[in-house]
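Residue numbers (the working numbering): 10 to 129.
For glycine and all other residues, C-beta sits at the position ideal for the given N, C-alpha and C.
Notes follow the structure.
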């Protein structure tokens, strides 16, 4: 054998050993990450007991309230009014509570919902 073949043979062995060392390092990192994660999981508080779960109110579930609202009047003055001068601007229930129509009668209210496609 000549020197070139010997150099190639020695280099290939070193590459194989390097791959094995890299695989062992990756496996050790994965095992360490698993151990660290399970240690963190043990420190967490346990899930709530059935007695600690939220309960429905005695009068049943809370329902959505639909009402028309109107803003409070803006205070009138001769001086410039800045936002911090206004404070909380609330709203109140509007006088007329007639519910506005949401869609045409006979329609489903959504585009492409399988309706007749036009008025007859």
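Beta carbon of residue 102, beta carbon of residue 73: below 7 Å?
-> Position 93 of the chain shown holds residue 102. Position 64 of the chain shown holds residue 73. Going by C-beta atoms, residue 102 is not nearer than 7 Å to residue 73.
Following the continuous alpha helix (DSSP H) through residue 92, name the residue where it begins and the one where it ends.
-> The sequence position of residue 92 within the chain shown is 83, counting from 1. Counting along the chain, the alpha helix (DSSP H) containing residue 92 begins and ends at 92-95.
Where do the N-terminal and C-terminal ends of the beta strand (DSSP E) with residue 79 fall, by residue?
-> Sequence index remark: in the chain shown, residue 79 carries index 70 (1-based). Element bounds for residue 79: 78-80.
Hey, is residue 77 close to the ligand MN, as in C-beta under 6 Å from one of its heavy atoms?
-> No copy of the ligand MN appears in this structure; indeed no ligand is present at all.
Quick one, which of 51, 106, 82 and 56 has its alpha-carbon nearest residue 95's?
-> Reading the chain shown from its first residue, position 86 is the one you call residue 95. The candidate whose alpha carbon is nearest that of residue 95 is 82.
Rounded C-alpha distance that separates residue 42 from residue 65 = As a first step, residue 42 is located in the chain shown; it is residue number 33 there, counting from the start. As a first step, residue 65 is located in the chain shown; it is residue number 56 there, counting from the start. If I take the Cα positions, the gap works out to 41 Å.
Could you tell me the distance, in whole angstroms, from the CA atom of residue 63 to the CA atom of residue 57?
-> Taking the first residue of the chain shown as 1, we reach residue 63 at position 54. Taking the first residue of the chain shown as 1, we reach residue 57 at position 48. If I take the Cα positions, the gap works out to 10 Å.
Opposite residue 100 in the DSSP bridges: which residues?
-> One-based indexing of the chain shown puts residue 100 at position 91. Bridge partners of residue 100: 80.
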